[in-house]
Amino acid sequence: MQIGELAKTAEVPAKTIRYYEDIGLLPRPARTEGGFRRYDPEVVDLLRFIRKAQALGLTLAEIRELTEIRKAGNLPCMHLRSLLEAKVAELERRILELRKLRGEMRETLEAWDEHLKKGEGAVVCPHIEGRPDEAAIAFRTRGKAKRRPGAVASLLSRAKRDG
Numbered sequence: 007m008q009i010g011e012l013a014k015t016a017e018v019p020a021k022t023i024r025y026y027e028d029i030g031l032l033p034r035p036a037r038t039e040g041g042f043r044r045y046d047p048e049v050v051d052l053l054r055f056i057r058k059a060q061a062l063g064l065t066l067a068e069i070r071e072l073t074e075i076r077k078a079g080n081l082p083c084m085h086l087r088s089l090l091e092a093k094v095a096e097l098e099r100r101i102l103e104l105r106k107l108r109g110e111m112r113e114t115l116e117a118w119d120e121h122l123k124k125g126e127g128a129v130v131c132p133h134i135e136g137r138p139d140e141a142a143i144a145f146r147t148r149g150k151a152k153r154r155p156g157a158v159a160s161l162l163s164r165a166k167r168d169g
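With our numbering applied, the sequence shown corresponds to residues 7 to 169, in that order.
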């Protein structure tokens, strides 16, 4: 089958299929005389496996490790188990961090009116400056937070709108 049919059957964009080939996640397909890619039907199952593995939180590099183990004639189940155990431990750590952060946000919201009264003397925002110094120290020890592109611009426009 050609790439368009494969993309439709596996419900994966053709661009993604080409990318997976480039990074070695999918085998290079045979080519027709006209240069078109020609895929074996088994590639549909491999693409579905990749999607399911991604849904479990595996990276493409980890998925490639699993497929390489299988290509070598072994079942990758024990390797998968160790990957998942590590991911569960990381999730549990992150959940604890997020719960603590949620508590800090709730405390800030509960002290909203008190901090607002002090707003005239604030360097930037009384709601943040009113937080205890320990909150900033705790944040630095948690590690770097992932930032979304455009998050600051979104917050600025919201702040202008809300006053």
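Ideal Cβ placement from N, Cα and C applies to all residues, glycine included.
Taking alanine 20 as part of the alpha helix (DSSP H), name the residues at either end of that continuous run. Its alpha helix (DSSP H) spans residues 20-28.
Return the chain-ordered list of same chain residues with a C-beta closer than 6 Å to the C-beta of alanine 151, the five sequence neighbours on each side being excluded. At alanine 151, the pLDDT of 47 sits below 50, so the modelled position is not reliable; the number obtained from the coordinates is stated separately. No residues qualify anywhere along the chain.
Taking the continuous alpha helix (DSSP H) assigned at glutamate 57, which residues delimit it? The identity of residue 57 in the sequence shown is arginine, whereas the question assumes glutamate. Residues 48-61.
Alpha-carbon spacing of lysine 58 relative to lysine 123, whole angstroms: Rounded to the nearest angstrom, the two C-alpha atoms are 52 Å apart.
Roughly how far, in whole angstroms, is the beta-carbon of histidine 121 from the beta-carbon of proline 132, given that I think they are within contact range, below 8 Å? By a beta-carbon distance limit of 8 Å, histidine 121 contacts proline 132. Their separation comes to about 4 Å.
For arginine 44, I'd like the list of residues in its chain whose CB is within less than 7 Å of its CB, leaving aside the five on either flank, ordered along the chain. Around arginine 44, the same chain offers Gln8, Pro35, Ala36, Arg37, Thr38 as residues with beta carbons nearer than 7 Å, after the five sequence neighbours per side are excluded.
Grouping DSSP H, G and I as helix and E and B as strand, with all else coil, what is alanine 67? Of the three classes helix, strand and coil, the one that applies to alanine 67 here is helix, per DSSP.
Helix, strand or coil: how does DSSP classify arginine 44 here? Note: arginine 44 maps to strand in three-state DSSP.
Looking at the secondary structure, which residues open and close the alpha helix (DSSP H) in which leucine 122 lies? Its alpha helix (DSSP H) spans residues 118-123.
Exposure label - glutamate 96; buried when at least 16 CB within 10 Å: With fewer than 16 Cβ atoms within 10 Å of its Cβ, glutamate 96 is classed as exposed.
Grab me the residues of glycine 60's own chain with a C-beta within less than 8 Å of its C-beta, minus the 5 sequence neighbours each way, in chain order. Per the sequence shown, the amino acid found at residue 60 is glutamine instead of glycine. Around glutamine 60: Leu66, Ile69.
Whole angstroms are fine: how far does the CA of alanine 20 sit from the CA of alanine 13? Straight-line measurement puts the Cα of alanine 20 at about 5 Å from the Cα of alanine 13.
Measure the C-alpha to C-alpha separation of glutamate 48 and glycine 10 and round it to an integer number of angstroms. Whole-angstrom Cα-Cα distance: 15 Å.
Across which residues does DSSP place arginine 37 in a beta bridge pair? Beta-bridge pairing links arginine 37 to Arg43.
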